Structure formats: structure tokens, C-alpha cells
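All remarks here apply to the structure that follows.
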Amino acid sequence: MGDGADERVGDRTLRVAVDLALVFSLIFTLAIAAGGCGSEAERPFGVALHLHGSMSEGKASMRAHAEGARALGPGVDVLWWTDHDWRIAAHTYVETFDFEEGLTESERVPAPYREWQWDGRAPLPDWSPPGDPSAPPPPSSLETVEKSWRLVASPALLPGERVIEVSEDEARNGTRSLHLVAQGARPGLQQIALGFDATRRRHIASLASGVRLRLSVLPGALVGAARIVVRVGLSQATPLGGVRLDYVLSEPSAAGRSGSRVDGSKEIVRDEATGRQVEIVTLPVLAEPGAWNDWVLEISEDAEAAGVGGGDNALVSLTLIVEVRGSARAEAYFDSLVIERDRVGDALFAEARRMARALGDDELVHHVGQEISYAAHLNAYGAAVPLSDVAGHPHGYTPGEAVAFVHDHGGLVSLNHFFGVMFDERIAESPRAEPYFKAALARLVANRAYGVDLLEVGYRARGFGLPGYLALWDGLARAGIRLVGVGVSDSHDADVGWAEGPNNFISWIYAGSSAQADLLAGLKAGRVYFGDPTRFGGRLDIRAEGGGRMGDVLVREPGPLALTFHAEGLKPGQSVRLIRDGEPLGRFEVDGSSWSHRARLEVAAPTFVRFEILEGEEVVAVSNPLYVDLASRALSGALPGAGGASGAGGN
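The following block contains the structure:
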């Protein structure tokens, strides 16, 4: 490249020190001929495409993720929320607990069809024919949902004498209730804390749905420094910052029989060891001693009144606590828990979009999609796509059904974290990694990737690492299934997914604006690259001589093809690797922040090229491919499906 001539590249590794003067000259030439990276009418927008806020099962909120994005600087322009469809609809969610079966109760709900995404709780699936993991179960198929109260870890010691039992001595409804007794036997705080949970965290409730708790409480003796606490953990207010509501009964009184309360107080407690802080809202409640009190705790209203985020919260955790100090004594019976939600489904989905609009400003735009995920895990992007019909699909959508639903409403569909939902490389480290990978790829090829438009590729640890996801993407492309690759975090927790990892990728989409229609057009065309925003924030593009660029499918005659690869915003020590048909084509060391390279490829069969930015041996950014097909195949009707890639002519 030093003499400015075209360089013919074969299957070998090249290390070229780039002459800066030549680079600047080439960039100038490209800017005139092809608009450089992108064009004057567009620019790359940094988009967090798969993100969960307070309507999913994690502890993140929209405002906490927004703060995490802003902390990275100007690189993130759009947050695209994809909370779970069935959680927004509260499909199969638990609503009651009456202690009649003890500390664990169960109910039967429609079973999701067998998922292809491994969740780490069972052996690796056997995908050998004729089994089809995407086949729906029989309509009558049910699964068991467990809901339970369990002793949770606490910084306080357990009381010296304690009772934790389901008793028939008292009951508000039925014949049994939870009985807790704490008798202090040492200085300092001692407590019994029982936390509520349910299978797949079906107890979580978005405060935007208008949440209230009904709980019957019969206070017994509260002697000395003793309290009964109903603790509601809410979503993160900021990264490393939590919120909780403590409903506290410390002095029984006949005035509070209905569960009325007085104004509360707020304090912020900081853990110096971890740097985390929790904003605690304490809300005193009143109750008549020795009698059943039917408390109504207006969780959503109280969070709004306390100024701790209002509807941009979830009831993340629920804990019943009896606590004492010194030799104090506390006793109480609990019964008839009900979790009420005023609005779910379409009404809550509309509220999510309203909240997103309210959060948006000149620096950060918010869009709302959904993750169709009761069974299959696929993201739906598009302003006209309504919430999925979980009532009409109680067992979840098959991938084909989800794709048809989204496409019918003009949206795009991504195939999410195909190798599983866990955040590790457990499959890659398994002795069965190779046969599992081959079976997974074969299944996708046989099903033509279910007709999706996008593939989540940019994961460092999701069953496989990034090399496994890149190999899957390349394998599909070799089979003629051309999907637009994206990088995502799938973060449910604002502590991670931004500066921290392992999965913190975003996608840069070339578009005329940050409006959904423009971003969707860029996505559909494959004008996308993705990577780690803490290590790369520049631009990537591929241009073909005579027309065509990254994301296009060039249809042309066999023969030589001249391409230009271009990168901007490179950091010291970063290098570039070219990839053709999934195999390394050349590697280039870079001097300076910009790099361009012209390569002439011989094309005798369908092919594709892309490139990667590396730090050492680690990939930190990835372009989408430019695809090439042969005109003779097009005339014969033999062109493979192009997935999300667009077509373009070329010489």
C-alpha cells in the first residue's frame, strides 16, 4: 500500500504500517467519491438496542440506565427499551399467597414450548432430529409455578429465641397463617427476615401499573425496641444506588385498624465498602393490637409522593421482618397477601411509551420495543408494533409466529442471545461445545433463522463468547442466510452493561436522524457496526467501486472487485482485521486515528467481507458485511434469502 497501488489480498496475514499522508489523501478522495464513512445526509447513532427497565424482572430503571449511558459521554444517542411482553401483560404472574399450603405454594399455568435457549438449569439440549425445540406443546400443557417465603441473608443476627412457623392458631382467611416471634438475647439489632419469590420472578410488579399490596396483620406483643416491617425493594435510582420503602409498625394503636399511616421520612444510607447507597423511605403504619388489621399499602402512590421515581420503578423485592434490639420482643401473624395491579397489557405498554417520551431530551432519545419472550426470545422493533397477544398465545409465540406478527406491523425482529440466557461461557467451556454449536447452526440453517432480520452477535459472554457468536453469524451467511448483526448488552441492571461488562456492546446505526423510522431503515439496510463504547467510538464502513457499501448485496459478474475499508476514531494500539467468508483475510497495524485500505478481490462465487477492530487479540468493534452474489445466480432465481441486507448493483 506504500506506493498507492491497489493491493491484491489472499488468505494470508498482512501487517502494514499505514502512511498518514497517504491515509489523509485517500480519505479525502473517498469523501469526494463516496462520502467517506456514511454520507452528508446521515451519521452513525449510538444505540443501546436491547435494554430492560422497570417493567422487566431486574432492578434497573429507565432513569438509572440513562445515567449510565450519559456517564460514557457523547457516544450513546438512543436507548431502545425492550421489556418483556408477557411481564408487561402480567401473564401467569402470581397475585396471592394465603399460607394454606405452608411457606411454599404452587399453581399451574400454561407451559411455554420448549425453548432453544439454554438457561443453565438443565443439561445441554439434544437437538438431534427428529426433536424440534421450537414445536409448541399440546394446548393443555401446564407447568408448575412455585411461590415461597424464605429466610434471607441480613446484616443483623437472628434473635436468640425465634419462631418461624405456619400456624393454625390464627387465620384471617382459611385455617392457617404465618407466625413470627423474635425474642432478643443480645445487644444490638436482631431480626427475622422472610423474602417472597416466585418462579421466573413472577411476583415483580411495575409501579407504572398502579401497585398496591393487601396484607392482613395481627400484631401480638411489641415489647421494648421492637418493630414489624414490610420492606419493599424498588428499582435502582442510579447505578450503584437503590431505593426501598419500609412500612413500619412500632407501636400498635386502635387508630390504625384500617392500616392508615402518617407521613414518612427519607434517609440515604451509604455502604463505604461497596460505594452503594440506598435511599430509604420509612412510612409508619398503625394497627390495633391483638386483632386482624387489613393493611392496604399503596406502593405506587407512596413512591410518587416520596419523590423516588414514581412509576419508573418496580416492586423488585418483598420482605416481611420482625426485628428487636437488646432484649425486646416482637410477635405477629401474617395472612392473605394480595398483589394488585391497576393496569397491565396494552395500557401499561402505552404508559411505557409515554414515559419514554417524557424522559427524552436533546442528548438522549428513548424508543420502546418489546422482547417477545414467554417462550422464544425475539425483540420487536417498530413504533407501529403493538404489544404481543399473550392471551391468544398462552404458551408463547413460536419464532415463526413472532416474526410474522412483527412483520405484519412493519417492524424488524432480532433473534436474541441464541446460546442461552446466562452471562458466562458455560457452553464454550463444555466438552460438548463443538457438537452443540454444530447442532445449533444446523437448526438455524434448516429453519432459515425463522425469517428474522437481525441477529444478536455482540456478546462477550452468553453461553459462548464473541468468537462463537461471530462464527454462528458467519456460518449463517455462508449458508446464504444474511442477517444484520447487532451488539447489545441485554442489561437488566444499571450497574453493568455500560462501563462494566462483560456484555456492554452497543450498535451504531447510520441514519438521517434518531427517529425510529430512520433508525429502522438503517438497521434493515445493514448500515450498522457494533462494539464496546468504552474502547471504540468512531466509524466503520465498506465501499465498493462502482457503488454499494456495508450491508448491501452486490449482484455482479465474476471477476475482480475493488473495495475500500475505512475506519475513524481508532485508539493507539488498535489494529484492523479483514474477514472474508468467516476467515481472516489480512491484519493491519495502524498509526493514527483513521485508516483506509483498498483491496481487490477475485469473485468467482457468492462471498462476503467484513472487518474488525482489535486491541491485542480482543475484538472491540465489528462491521456488518458487504455481500456479493453472481448475476447468473440472480437470473436463474438461485439467490439465497438476504435476511435484513439490502440489494445494490455493482460492476
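For the sequence shown, our numbering assigns the number 6 to the initial residue and increments by one for each residue that follows. Positions of the beta carbon are idealized from the N, C-alpha and C atoms, including for glycine. Just so we're clear, the structure is a prediction, and the values are computed from it rather than from any experiment.
Beta-carbon contacts of Gly-269 that lie in its chain and below 6 Å, excluding the five residues immediately before and after:
Taking the sequence shown and counting its residues from 1, one reaches residue 269 at position 264. Once the five neighbours on either side are set aside, the close Cβ partners of Gly-269 are Val-286, Thr-287, Leu-288.
Cβ shell of Gly-470 (< 8 Å), same chain only, five flanking positions each side left out:
Locating residue 470 in the sequence shown gives position 465, counting from the first residue. In the same chain as Gly-470, and ignoring 5 residues on each side of it, the C-beta atoms closer than 8 Å to its own belong to Glu-430, Ala-433, Tyr-464, in chain order.
In whole angstroms, give me the CA-to-CA distance for Leu-524 and Ser-159.
In the sequence shown, the residue the question calls residue 524 occupies position 519. In the sequence shown, the residue the question calls residue 159 occupies position 154. Answer to the nearest angstrom: the Cα atoms are 46 Å apart.
Would you mind reading off the limits of the beta strand (DSSP E) that contains Lys-576?
Translated into positions along the sequence shown, residue 576 becomes position 571. Here Lys-576 belongs to no beta strand (DSSP E), and DSSP marks it neither H nor E.
Assuming Val-222 contacts Ile-304 (C-beta within less than 8 Å), just tell me the rounded distance between them.
In the sequence shown, counting from the first residue as 1, residue 222 sits at position 217. In the sequence shown, counting from the first residue as 1, residue 304 sits at position 299. Actually they do not touch by this definition, with Cβ atoms about 16 Å apart.
Gly-574 versus Phe-541: straight-line alpha-carbon distance, rounded:
Walking along the sequence shown from the start, residue 574 turns up at place 569. Walking along the sequence shown from the start, residue 541 turns up at place 536. Whole-angstrom Cα-Cα distance: 7 Å.
Residue of Ser-255, Val-99, Ala-53, Ala-337 minimising C-alpha distance to Leu-77
On the sequence shown, position 72 is the one that residue 77 refers to. When only C-alpha atoms are compared, the closest one is Ala-53.
Environment of Arg-359 [buried if 16+ CB atoms lie within 10 Å]
Here residue 359 corresponds to residue number 354 of the sequence shown, with the count starting at 1. With fewer than 16 Cβ atoms within 10 Å of its Cβ, Arg-359 is classed as exposed.
Kindly indicate which three-state DSSP category Leu-323 falls into: helix, strand or coil?
Here residue 323 corresponds to residue number 318 of the sequence shown, with the count starting at 1. In the structure shown, Leu-323 sits in a strand (DSSP, three-state: E or B).
On the DSSP bridge assignment, give the partners of Asp-299 in chain order.
Position 294 of the sequence shown, counting from 1, holds the residue named residue 299. BP columns for Asp-299 point to Ser-221.
If you run the structure through DSSP and keep just helix, strand and coil, what is Ala-476?
As a first step, residue 476 must be located in the sequence shown, where it is residue number 471. Residue state, collapsed to three classes: helix.
Relative to the C-alpha of Gln-4, which candidate in Gly-415, Ile-486, Val-614, Pro-436 has its C-alpha closest?
With the chain covering only 6 through 656, there is no way to say anything about residue 4.
Reduced DSSP secondary structure (H/G/I, E/B, other) of Ala-636
If you number the sequence shown from 1, residue 636 lands on position 631. Looking at Ala-636 - three-state DSSP - the assignment turns out to be helix.
Would you kindly work out how many angstroms separate the C-alpha atoms of Glu-306 and Ala-231, rounded to a whole number?
Translated into positions along the sequence shown, residue 306 becomes position 301. Translated into positions along the sequence shown, residue 231 becomes position 226. If I take the Cα positions, the gap works out to 27 Å.
From the DSSP output, in three-state form, read off Phe-423 for me.
Taking the first residue of the sequence shown as 1, we reach residue 423 at position 418. Here Phe-423 sits in coil by DSSP.
Residue closest to Val-237, alpha-carbon to alpha-carbon, out of His-208, Ala-226, Gly-193, Ser-637:
Stepping through the sequence shown from its first residue, residue 237 is reached at position 232. Minimum Cα-Cα distance from Val-237 among the listed residues His-208, Ala-226, Gly-193, Ser-637 corresponds to His-208.
Are the CB atoms of Val-493 and Val-457 within a distance shorter than 8 Å?
Walking along the sequence shown from the start, residue 457 turns up at place 452. Walking along the sequence shown from the start, residue 493 turns up at place 488. Against a cut-off of 8 Å, the Cβ pair of Val-493 and Val-457 comes out as no contact.
Separation of Leu-528 from Ala-647, as counted between CA atoms
Counted from its first residue, the sequence shown places residue 647 at position 642. Counted from its first residue, the sequence shown places residue 528 at position 523. At Ala-647 the pLDDT is 40, less than 50, meaning the model places this residue with poor confidence; the figure from the coordinates comes in the next sentence. Computed Cα separation, rounded: 14 Å.
Note down the Cα distance separating Leu-320 from Ser-240, rounded to an integer number of angstroms.
Looking up residue 320 in the sequence shown gives position 315. Looking up residue 240 in the sequence shown gives position 235. Between Leu-320 and Ser-240, the C-alpha separation is close to 7 Å.
Inter-stretch contact (C-beta, 8 Å, three-pair minimum) for the region 153 to 172 and the region 183 to 199
yes
Is the distance from the Cβ of Ala-636 to the Cβ of Glu-562 below 8 Å?
Stepping through the sequence shown from its first residue, residue 636 is reached at position 631. Stepping through the sequence shown from its first residue, residue 562 is reached at position 557. For Ala-636 and Glu-562, yes; Cβs fall inside 8 Å.
Should Leu-156 be labelled buried (16 or more other beta-carbon atoms within 10 Å of its own) or exposed?
Along the sequence shown, one-based indexing puts residue 156 at 151. Result: exposed.
Would Gly-327 and Ser-419 be called neighbours here (beta carbons separated by less than 8 Å)?
Locating residue 327 in the sequence shown gives position 322, where the first residue counts as 1. Locating residue 419 in the sequence shown gives position 414, where the first residue counts as 1. It should be noted that the sequence gives Val, not Gly, for residue 327. Not a contact, by the Cβ cut-off of 8 Å.
Less than 7 Å between C-beta atoms, sequence neighbours within five positions excluded: which residues of the same chain meet that for Thr-149?
Residue 149 sits at position 144 when you count from the first residue of the sequence shown. Its chain contains Ser-111, Arg-113 as the residues whose beta carbon lies nearer than 7 Å to that of Thr-149, once the 5 sequence neighbours on both sides are disregarded; these appear in chain order.
Buried or exposed by the 16-neighbour rule on C-beta atoms within 10 Å, applied to Gly-115
Here residue 115 refers to the residue found at position 110 when the sequence shown is read from its first residue. Looking at the sequence provided, one finds Pro at residue 115 rather than Gly. Per the 10 Å Cβ criterion, buried.
Just list the residues that DSSP pairs Gln-521 with in beta bridges.
As a position in the sequence shown, residue 521 is number 516, starting the count at 1. For Gln-521, which the question treats as bridged, DSSP gives no partner whatsoever.
Apply the 10 Å Cβ neighbour rule to Gly-58 and answer buried if 16 or more other Cβ atoms are within range, or exposed otherwise.
Counting from 1 along the sequence shown, the entry for residue 58 is found at position 53. Gly-58 is buried by the Cβ-count criterion.
Figure out for me which residue from Ser-580, Arg-585, Ser-322 has the closest Cα to the Cα of Pro-596.
As a working note, residue 596 is residue 591 in the sequence shown. A quick correction: the sequence has Asp, not Pro, at residue 596. Measuring from the Cα of Asp-596, the nearest candidate turns out to be Ser-580.
What is the residue span of the alpha helix (DSSP H) that His-70 lies within?
Indexing the sequence shown from 1 puts residue 70 at position 65. Note, His-70: alpha helix (DSSP H), 67 to 76.
Closer than 6 Å by C-beta to Ala-94: which residues in its own chain qualify, once you throw out the five before and the five after it? Chain order, please.
The count along the sequence shown starts at 1 and reaches residue 94 at position 89. Val-349, Gly-350, Val-395.
Report yes if the C-beta distance between Ala-380 and Pro-117 is below 8 Å; otherwise report no.
To locate residue 380, count along the sequence shown from 1; it is residue 375. To locate residue 117, count along the sequence shown from 1; it is residue 112. Yes, the Cβ-Cβ distance between Ala-380 and Pro-117 is below 8 Å.
Got a sec? Which residues, its chain only, sit under 7 Å from Asp-500 by beta carbon, not counting five neighbours each side?
Here residue 500 refers to the residue found at position 495 when the sequence shown is read from its first residue. Closer than 7 Å at Cβ, skipping near neighbours: Pro-244, Leu-245.
Please name the residue in Leu-566, Ser-519, Pro-565, Ser-601 whose C-alpha comes closest to that of Ala-46.
Counted from its first residue, the sequence shown places residue 46 at position 41. Nearest C-alpha to Ala-46: Ser-519.
Compute the distance between the beta-carbons of Leu-218 and Ala-308, then report whether it is under 8 Å.
By one-based count along the sequence shown, residue 218 stands at place 213. By one-based count along the sequence shown, residue 308 stands at place 303. No, these two residues do not count as a Cβ contact at 8 Å.
Same chain only: Cβ atoms within 6 Å of Asp-299, ignoring 5 sequence neighbours per side:
As a first step, residue 299 is located in the sequence shown; it is residue number 294 there, counting from the start. Once the five neighbours on either side are set aside, the close Cβ partners of Asp-299 are Ser-221.
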